[in-house]
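> Before anything else, here's the structure in question.
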Amino acid sequence: MFPTLEELYRWLMFAYPTDYRRLREDEIVGTLLEAGRPGQRVPGPREAFGLILGGVRTRAWLSRTGGVPGEWADSLRLAAALLIAFNAMQAIPGFFFYQTIRPHLLPIGLVVTALVLLRGVGRWGVALVAMDLFLVAPSLSISPPWQGPPLWVATLLPLMAAAAAFAWSPARPPHRAAWPWWFAAVVGAGPALLQVGAFHGGYSVPPPSNPLLLEAMPAAAVTAAALMAATLVTADPRPALGGAIYLGATALSIMVTPLTWLFVSPLAVVTAWQGEAGAVITLMLAAACLGVGRLSSRLARRF
Amino acid sequence: MPRAPMREPTYFILASLLDGPLHGYAIIRKAAEVSAGRVRLSAGTLYTALDRLSAAGLIEVQGEEIVEGRLRRYYRISGAGTEAVQEEAARLARAAAVVSQRGRARPVTEGA
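Those protein sequence lines, which keep their order, are chains F and X. Last residue of the first sequence: 323 in the numbering used here, with the numbers rising by one and none dropped. Last residue of the second sequence: 125 in the numbering used here, with the numbers rising by one and none dropped.
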């Protein structure tokens with residue numbers, strides 16, 4: 021039997037958080053039924069789109085607290101989540117193609133990373149992030165022969181800073197209503213991970229120190245685009261601001277890392293130049309994210 | 014510090030409530046009427062706006078009733094809401110005056 025118009029509206033209401041539905045669903049569905057045409061059997065596209073968008077924006081809005089400082093704190097944690105997800109996923113091609121990670125560590129590392137991203141805040145978050153680093157970072161520390169200690173340090177330091185930023189939490193509980201934020205982290209990290217998988221060498225080092233750095237730029241562009249799109253859809257500045265921090269930090273890392281290469285091998289000067297070009301592109305993407313994030317932040321304060 | 018300009022749907026939602034409390038569907042109809050059809054609110058847009066206006070103290074829930082088995086919740090504009098919408102109306106009037114007064118002072122002549 022075909023569902024009634026009321027049932028269809030109630031299905032669309034799943035776009036809203038559970039607590040919100042409990043309070044408002046009957047009222048909103050009542051309004052929709054009153055506004056419907058006589059004999060109407062299915063929701064109109066305008067109302068359906070309005071409900072889905074309203075639900076997504078309500079979820080984002082309810083998960084925001086603390087004004088501008090809270091916004092930046094969340095954005096910093098989003099950037100850290102991106103970096104942690106990126107580095108964990110990067111271990112996969114290293115495992116399958118180059119055996120650069122110890123076999124028994126990979127599945128455990130991925131499970132712990134997933135836990136960190138889902139629940140990695142508060143007291144338990146610190147322990148999880150520490151475990152995650154212990155499990156996943158060894159994949160980065162097994163370096164190809166041409167790679168010396170400076171790169172190892174340059175790789176691990178940003179990860180440790182990200183872990184510290186991620187584990188730090190404002191005085192509030194982790195909120196399940198923040199799903200657009202995690203969605204943005206997954207969508208943002210995904211393309212970058214696929215790009216890493218497409219590389220033919222250097223799986224054991226992250227893109228900032230990869231000789232094929234410029235090949236990573238389309239992935240960085242997709243990441244930035246996904247985060248900016250998430251901000252525009254949810255009317256939540258945090259994904260774009262998080263992207264600005266993530267890409268800005270990446271650009272900084274790219275600028276610094278090629279210099280460390282010069283201490284390892286004089287031949288690295290060629291790739292150092294590639295690195296600087298990549299840094300400029302990444303910086304431009306970070307600036308675009310910052311612009312979209314700040315505009316969204318201003319608009320969010322308007323009635 | 015002056016308020017940021019109000020979004021058009023918000024302005025007409027508040028303007029709709031100036032005559033008295035209304036429920037959701039009545040706000041949609043009234044906003045369309047007072048805006049001469051410019052503002053056609055979907056339920057998703059309406060309730061997102063109502064939530065934010067309530068949180069800012071510009072509107073309040075007055076009460077609710079069940080009509081034909083459907084829940085209706087009535088909203089009324091608060092003192093702060095009335096002040097905000099009047100301030101916005103004055104801002105729009107000042108902006109309109111800049112153009113209309115100059116238009117009267119210097120009529121456009123064809124071929125000039």
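Beta carbons are placed, not taken as given, at the ideal position from N, Cα and C, and that holds for glycine. The model shown is predicted, which means the values in this text are computed figures rather than measured ones.
1. Just confirm the distance between the C-beta atoms of Ala35/F and Gly75/F, as a whole number of angstroms; I'd bet it's less than 8 Å.
2. Would you check if the distance between the CB atom of Leu63/X and the CB atom of Ile41/X is smaller than 8 Å?
3. Using a Cβ-Cβ cut-off of 8 Å, state whether Ala56/X counts as contacting chain F.
4. Do Ile265/F and Ser95/F have their C-beta atoms within less than 8 Å of each other?
5. Measure from the alpha carbon of Leu32/F to the alpha carbon of each residue in Leu43/F, Val49/F, Asp39/F, Arg42/F, then state which is nearest.
6. Given a cut-off of 8 Å, decide if Pro63/F and Leu25/F are closer than it, judged by their beta-carbon atoms.
7. Does the distance from the C-beta atom of Ala80/F to that of Ala307/F stay below 8 Å?
8. Could you check how far apart the C-beta atoms of Leu54/X and Ala44/X are, in whole angstroms? I think they sit under 8 Å.
9. Closer than 7 Å by beta-carbon distance: list the chain F residues that pair up with Gly37/X, in chain order.
10. Could you name the residues of chain F that Leu66/X contacts, counting a contact when the two beta carbons are closer than 8 Å?
11. Measuring CB to CB, does Gly70/F end up less than 8 Å from Ala56/X?
12. So Ala260/F and Ser316/F are in contact, right, with Cβ under 8 Å, and what is the actual spacing, rounded?
13. Give the straight-line distance between the Cα atoms of Ala68/F and Met237/F, rounded to the nearest whole angstrom.
14. By the criterion of Cβ-Cβ separation under 9 Å, what are the contact partners of Glu67/F in chain X?
15. Leaving out five residues before and five after Ala241/F in sequence, what residues of the same chain have Cβ atoms less than 7 Å from its Cβ?
16. Look at the alpha carbon of Thr61/X and the alpha carbon of Arg77/F, and state the distance between them as a whole number of angstroms.
17. Using 10 angstroms around the beta-carbon of Ala93/X, count the other beta-carbons present and answer buried if the total reaches 16, otherwise exposed.
18. Where do the N-terminal and C-terminal ends of the beta strand (DSSP E) with Glu73/X fall, by residue?
19. With 8 Å as the C-beta to C-beta threshold (strictly closer), list the residues of the segment 59 to 84 of chain F near chain X in chain order.
20. Are Gln75/X and Pro34/X closer than 8 Å when you measure CB to CB?
21. Excluding the 5 residues preceding and the 5 following Arg16/X in the sequence, name in chain order all residues of the same chain whose CB lies nearer than 7 Å to its CB.
22. Which residue marks the beginning of the beta strand (DSSP E) containing Tyr36/F, and which one marks its end?
23. Below 8 Å on the Cβ atoms is my guess for Val65/X versus Phe323/F; work out the distance and round it to an integer in Å.
24. Which partner residues does Tyr2/X have in the DSSP bridge list?
25. So that I know if they touch, is there some Cβ in chain X lying closer than 8 Å to that of Arg57/F?
26. Nearest-angstrom Cα distance between Ala269/F and Leu102/F?
27. Which same chain residues end up closer than 7 Å to Glu78/X when comparing Cβ atoms and leaving out the 5 residues on each side of it in sequence?
28. Pick out whichever of Phe25/X, Leu71/X, Ala108/X has its Cα sitting closest to the Cα of Gly50/X.
29. Smallest Cα separation from Pro257/F: which of Thr38/F, Pro89/F, Ala239/F, Val300/F?
30. On the criterion of 16 or more Cβ atoms from any shown chain inside 10 Å, does Arg44/F qualify as buried, or is it exposed?
31. Please list, in chain order, the chain X residues whose beta carbon lies closer than 8 Å to that of Arg258/F.
32. Taking all protein chains shown into account, decide if Thr38/F is buried (16 or more other Cβ within 10 angstroms of its Cβ) or exposed.
33. Would DSSP call Pro63/F helix, strand or coil?
34. Have a look at Glu70/X and Leu310/F and give me their C-alpha separation to the nearest angstrom.
35. Identify the continuous alpha helix (DSSP H) that holds Pro238/F and give its terminal residues.
36. State yes or no: is the C-beta of Ala244/F within less than 8 Å of the C-beta of Gly263/F?
According to the structure data:
1. Position 15 of the first sequence, counted from the start, is the residue given in the question as residue 35/F. Position 55 of the first sequence, counted from the start, is the residue given in the question as residue 75/F. About 2 Å separates the two Cβ atoms, so the contact holds.
2. Stepping through the second sequence from its first residue, residue 63/X is reached at position 50. Stepping through the second sequence from its first residue, residue 41/X is reached at position 28. Contact flag unset, no.
3. Taking the second sequence and counting its residues from 1, the one referred to as residue 56/X is at position 43. Chain F contact via Cβ: present.
4. Position 245 of the first sequence holds residue 265/F. Position 75 of the first sequence holds residue 95/F. Yes; because the gap between Cβ atoms is below 8 Å, this pair is in contact.
5. Along the first sequence, read from residue 1 onward, the residue named residue 32/F stands at position 12. Closest option to Leu32/F, judged by alpha-carbon separation, among Leu43/F, Val49/F, Asp39/F, Arg42/F: Val49/F.
6. Counted from its first residue, the first sequence places residue 25/F at position 5. Counted from its first residue, the first sequence places residue 63/F at position 43. Result yes, Cβ atoms of Leu25/F and Pro63/F sit closer than 8 Å.
7. To locate residue 80/F, count along the first sequence from 1; it is residue 60. To locate residue 307/F, count along the first sequence from 1; it is residue 287. Pairing Ala80/F with Ala307/F gives a Cβ-Cβ distance that is not under 8 Å.
8. Counting from 1 along the second sequence, the entry for residue 54/X is found at position 41. Counting from 1 along the second sequence, the entry for residue 44/X is found at position 31. So it is a contact: roughly 6 Å between Cβ atoms.
9. By one-based count along the second sequence, residue 37/X stands at place 24. Those are Glu47, Thr51, listed as they occur along chain F.
10. Here residue 66/X corresponds to residue number 53 of the second sequence, with the count starting at 1. What Leu66/X touches in chain F: Phe323.
11. Here residue 70/F refers to the residue found at position 50 of the first sequence. Here residue 56/X refers to the residue found at position 43 of the second sequence. In this structure, Gly70/F sits near Ala56/X, with a CB-CB distance shorter than 8 Å.
12. As a working mapping, residue 260/F is identified with position 240 in the first sequence. As a working mapping, residue 316/F is identified with position 296 in the first sequence. Indeed, because the Cβ distance is near 6 Å, the residues count as touching under 8 Å.
13. In the first sequence, the residue the question calls residue 68/F occupies position 48. In the first sequence, the residue the question calls residue 237/F occupies position 217. If you draw a straight line from the Cα of Ala68/F to the Cα of Met237/F, it comes to about 37 Å.
14. Mapped onto the first sequence, residue 67/F falls at position 47. Going along chain X in sequence order, the residues near Glu67/F (Cβ under 9 Å) are Ser55, Ala56, Gly57.
15. Locating residue 241/F in the first sequence gives position 221, counting from the first residue. Take Ala241/F, set aside five residues on each side of it, and the residues of its chain with a beta-carbon closer than 7 Å to its own are Leu305, in chain order.
16. Mapped onto the second sequence, residue 61/X falls at position 48. Mapped onto the first sequence, residue 77/F falls at position 57. Roughly 8 Å separates the two Cα atoms.
17. Residue 93/X sits at position 80 when you count from the first residue of the second sequence. The C-beta of Ala93/X has fewer than 16 other C-beta atoms within 10 Å across all chains shown, which makes the residue exposed.
18. In the second sequence, the residue the question calls residue 73/X occupies position 60. Judged by DSSP secondary structure, Glu73/X falls within the beta strand (DSSP E) whose first and last residues are 72 to 80.
19. Of all residues in the segment 59 to 84 of chain F, only Arg66, Glu67, Phe69, Gly70, Leu71, Ile72, Leu73, Gly74, Gly75, Arg77, Thr78, Trp81 place a beta-carbon less than 8 Å from a beta-carbon of chain X.
20. The sequence position of residue 75/X within the second sequence is 62, counting from 1. The sequence position of residue 34/X within the second sequence is 21, counting from 1. Yes. Within cutoff.
21. One-based indexing of the second sequence puts residue 16/X at position 3. Short of 7 Å from the beta carbon of Arg16/X, and not among the five residues preceding or following it, lie these beta carbons of its own chain, in chain order: Ala97, Glu100.
22. Here residue 36/F refers to the residue found at position 16 when the first sequence is read from its first residue. Per DSSP, Tyr36/F belongs to no beta strand (DSSP E) and is neither H nor E.
23. On the second sequence, residue 65/X is found 52 positions in, with the first residue counted as 1. On the first sequence, residue 323/F is found 303 positions in, with the first residue counted as 1. For the sequence presented, residue 65/X should be read as Arg rather than Val. The beta carbons of Arg65/X and Phe323/F sit about 6 Å from each other, so the pair counts as a contact at 8 Å.
24. Because chain X in this structure spans residues 14 to 125, residue 2/X falls outside the shown range and cannot be described.
25. Counting from 1 along the first sequence, the entry for residue 57/F is found at position 37. No, Arg57/F does not count as interfacial toward chain X.
26. Position 249 of the first sequence, counted from the start, is the residue given in the question as residue 269/F. Position 82 of the first sequence, counted from the start, is the residue given in the question as residue 102/F. A direct Cα-Cα distance of roughly 12 Å separates Ala269/F from Leu102/F.
27. Working through the second sequence from its first residue, we reach residue 78/X at position 65. Arg85, listed in sequence order.
28. Position 37 of the second sequence, counted from the first residue, corresponds to residue 50/X. Selected option, being the one with the closest Cα: Phe25/X.
29. For the purposes of this step, residue 257/F is taken as residue 237 along the first sequence, with counting starting at 1. Of Thr38/F, Pro89/F, Ala239/F, Val300/F, the smallest CA-CA separation from Pro257/F is found for Pro89/F.
30. Against the first sequence, residue 44/F aligns to sequence position 24. Sixteen is the threshold: when 16 or more other Cβ atoms of the shown chains lie within 10 Å of the Cβ of Arg44/F, as they do, the residue is buried.
31. Working through the first sequence from its first residue, we reach residue 258/F at position 238. Correct list: empty, because the minimum Cβ distance to chain X is about 17 Å.
32. Your numbering for residue 38/F matches position 18 in the first sequence. Exposed, since its Cβ has fewer than 16 Cβ neighbours within 10 Å.
33. On the first sequence, position 43 is the one that residue 63/F refers to. Note: Pro63/F maps to coil in three-state DSSP.
34. On the second sequence, position 57 is the one that residue 70/X refers to. On the first sequence, position 290 is the one that residue 310/F refers to. First, the residue type needs correcting, since residue 70/X is Gly and not Glu in the sequence shown. Cα to Cα, the separation comes out at about 31 Å.
35. The residue you call residue 238/F lines up with position 218 of the first sequence. DSSP places Pro238/F in the uninterrupted alpha helix (DSSP H) bounded by 237 to 254.
36. Numbered from its first residue, the first sequence carries residue 244/F at position 224. Numbered from its first residue, the first sequence carries residue 263/F at position 243. Cβ distance < 8 Å, so Ala244/F and Gly263/F count as in contact.
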